[in-house]
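Asker:
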Amino acid sequence: MSGRNSMKVNITEMYVDEEIKEAVQRVLESKKYVKGEEAKSFEQEFAAFCHTRYGIATNSGTSALHVALLAAGITRGDEVIVPSHTFVATASPLLHIGARPVFAEVDRETYTIDPEEIRKKITDGTKAIIPVHLYGHPCDMDPIMELAREHHLTVIEDACQAHGAEYRGTRVGSMGDMACFSFFPSKNMTVAGDGGMIVTDNEEYAVKAKALVNQGRLEGRKYEHDFAGFNYRLSEILAAVGRVQLRHLLEWIERRREVARWYHDMLEGDGLILPVEKEWAKHVYHLYVIRCRNRDGLREFLKERGIAAGVHYPLPVHLQPAVRDVVGEVSLPFTEKIAQEVLSIPIHPQMREEDARYVAEAINEWGKQ
Ligand SMILES: Cc1ncc(COP(=O)(O)O)c(C=O)c1O
Numbered sequence: 067m068s069g070r071n072s073m074k075v076n077i078t079e080m081y082v083d084e085e086i087k088e089a090v091q092r093v094l095e096s097k098k099y100v101k102g103e104e105a106k107s108f109e110q111e112f113a114a115f116c117h118t119r120y121g122i123a124t125n126s127g128t129s130a131l132h133v134a135l136l137a138a139g140i141t142r143g144d145e146v147i148v149p150s151h152t153f154v155a156t157a158s159p160l161l162h163i164g165a166r167p168v169f170a171e172v173d174r175e176t177y178t179i180d181p182e183e184i185r186k187k188i189t190d191g192t193k194a195i196i197p198v199h200l201y202g203h204p205c206d207m208d209p210i211m212e213l214a215r216e217h218h219l220t221v222i223e224d225a226c227q228a229h230g231a232e233y234r235g236t237r238v239g240s241m242g243d244m245a246c247f248s249f250f251p252s253k254n255m256t257v258a259g260d261g262g263m264i265v266t267d268n269e270e271y272a273v274k275a276k277a278l279v280n281q282g283r284l285e286g287r288k289y290e291h292d293f294a295g296f297n298y299r300l301s302e303i304l305a306a307v308g309r310v311q312l313r314h315l316l317e318w319i320e321r322r323r324e325v326a327r328w329y330h331d332m333l334e335g336d337g338l339i340l341p342v343e344k345e346w347a348k349h350v351y352h353l354y355v356i357r358c359r360n361r362d363g364l365r366e367f368l369k370e371r372g373i374a375a376g377v378h379y380p381l382p383v384h385l386q387p388a389v390r391d392v393v394g395e396v397s398l399p400f401t402e403k404i405a406q407e408v409l410s411i412p413i414h415p416q417m418r419e420e421d422a423r424y425v426a427e428a429i430n431e432w433g434k435q
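So this note's numbering is basically just the index in the sequence shown, starting at one, shifted up by 66.
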């Protein structure tokens, strides 16, 4: 292939502009670094973006999930249905609470939790479902919400990878009882550090979540703590960065979707399975994940050509030592199979068509070997 080693394509790239630098400067000079107006405004703006009434900023997506579960009253011994083909943080807060993650198999096309598989896992002990909008593709939410209503289960959307994704024209974050987002630097929008957000329409959950994030204090209280809380607050500088990033999000999603279209047109080969966007979905392509045989070989081949690729995720959550010791033996054949095959190739808003072509040509060359 021509141009070998002549280009470098990163899997993702950070965006920093003058407006972001000015926002950081503004907060630095204000000398108000926590519990200020930036986080409050970010909460309102992000909730409005998700078409929800309340936003509660947190210092990570993981803390958002932890607090959302506690606000929903999930407690020791409760069963919560989750996918295993996800980042570990979908399930690890359950372990801290003493609740039991019950793993359900994922859909064969979208790799998001399969509603029919959820149904099979519901017992008298089930209290909640955490559907994960994986890679930026929404879960099939209508049947999930139907099951939840039928069995009186709480739904907490894990939207950590899916800011702005849509299900039948509705933004993720507004369909479950609560939803959690991450602003980790590689996400479709970031706060230039760790950060997260819970969104909800439910006032009771919002009040409790807000208190838990802030040392268990209800709004306006100083040294009175109704709950055993945490310091999970988002700092002002990070919130200010998040507010600027949010204003770019829709434009960045369109850029990601364009890169995905280029890949769809350029990638070929029988052994390759490309990501699917269901007719009811708006995929925001946090990750562009292909499946192939000898995934690790292809990853190495790309690395030699300056192309970064990632694996999300090489070991399913139910097989992680920290989880396996708690839940015991679980069999999820499709989840285990795709953990061997998935490869995330570069996608970010700054990518040019020639970058996508360089990546696609390398993959196509590999396929012909
Ligand atoms: C699906 C999923 N859930 C939860 C998290 C946790 O978010 P954070 O890294 O902000 O704690 C992430 C992000 O890494 C994620 O991708």
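Glycine included, C-beta positions come from ideal geometry on N, C-alpha and C.
No experiment lies behind these values; they were computed from the predicted model shown.
Could you say which of S126, Y99 and F169 lies nearest to E402 if we only look at CA atoms?
Answerer: Among S126, Y99 and F169, the Cα nearest to that of E402 belongs to F169.
Asker: Cβ of E104 within 8 Å of Cβ of A426?
Answerer: Taking 8 Å as the Cβ cut-off, E104 and A426 do not qualify as a contacting pair.
Asker: Return the bridge partner residues of A170 from the DSSP annotation.
Answerer: Beta-bridge pairing links A170 to P149.
Asker: Pick out the complete alpha helix (DSSP H) segments inside the stretch 184-230, 4 residues or longer, and give them in chain order.
Answerer: Counting whole runs of 4 or more residues, the stretch 184-230 contains the alpha helix (DSSP H) stretches 207-217.
Asker: Since P197 and E223 should fall inside the 8 Å C-beta cutoff, what is the C-beta to C-beta distance between them, to a whole number of angstroms?
Answerer: Indeed they touch by this definition, with Cβ atoms about 6 Å apart.
Asker: Would you mind stating whether H151 and P382 have Cβ atoms separated by less than 8 Å?
Answerer: For H151 and P382, yes; Cβs fall inside 8 Å.
Asker: Please confirm if the stretch 393-401 is in contact with the stretch 293-300, defined as three or more CB-CB distances below 8 Å between the two stretches.
Answerer: Because the criterion of three Cβ pairs below 8 Å is not met, the stretch 393-401 and the stretch 293-300 do not touch.
Asker: Can you find the residues in the same chain that come closer than 8 Å, C-beta to C-beta, to S68, ignoring five residues on each side of it along the sequence?
Answerer: Residue confidence is low: S68 scores 43 on pLDDT, short of 50, so the model does not pin down where it sits. No coordinate-derived value is stated.
Asker: State the beta-bridge partners of Y354 as determined by DSSP.
Answerer: Answer is I411.
Asker: Considering just the uninterrupted stretch of the beta strand (DSSP E) at Y120, what are its terminal residues?
Answerer: Run containing Y120: Y120 to T124, per the beta strand (DSSP E) assignment.
Asker: Assuming A231 and H349 make a contact with CB atoms under 8 Å, what is their CB distance in whole Å?
Answerer: Indeed they touch by this definition, with Cβ atoms about 7 Å apart.
Asker: Give the straight-line distance between the Cα atoms of V82 and F112, rounded to the nearest whole angstrom.
Answerer: If you take the alpha carbons of V82 and F112, they lie about 20 Å apart.
Asker: With a threshold of 7 Å, establish whether the CB of G262 neighbours any heavy atom of ligand 1.
Answerer: G262 Cβ: within cutoff of ligand 1.
Asker: What is the DSSP secondary structure of Y298, counted as helix, strand or coil?
Answerer: Note: Y298 maps to coil in three-state DSSP.
Asker: Pick helix, strand or coil for R237, following the three-state DSSP scheme.
Answerer: Strand at R237.
Asker: With a cut-off of 8 Å on the beta carbons, I'd call I413 and V325 a contact; round off their distance for me.
Answerer: Contact holds; Cβ gap of about 5 Å.
Asker: Give the DSSP-derived three-state secondary structure of G262 in the structure shown.
Answerer: Note: G262 maps to strand in three-state DSSP.
Asker: Which residues in the same chain have their Cβ closer than 8 Å to the Cβ of Q281, if we skip the five residues on either side of it in sequence?
Answerer: Taken in chain order, the residues that qualify are H291, G295, F296 and N297.
Asker: Is D173 near ligand 1, going by C-beta to nearest heavy atom under 7 Å?
Answerer: No, Cβ of D173 sits at least 7 Å from all heavy atoms of ligand 1.
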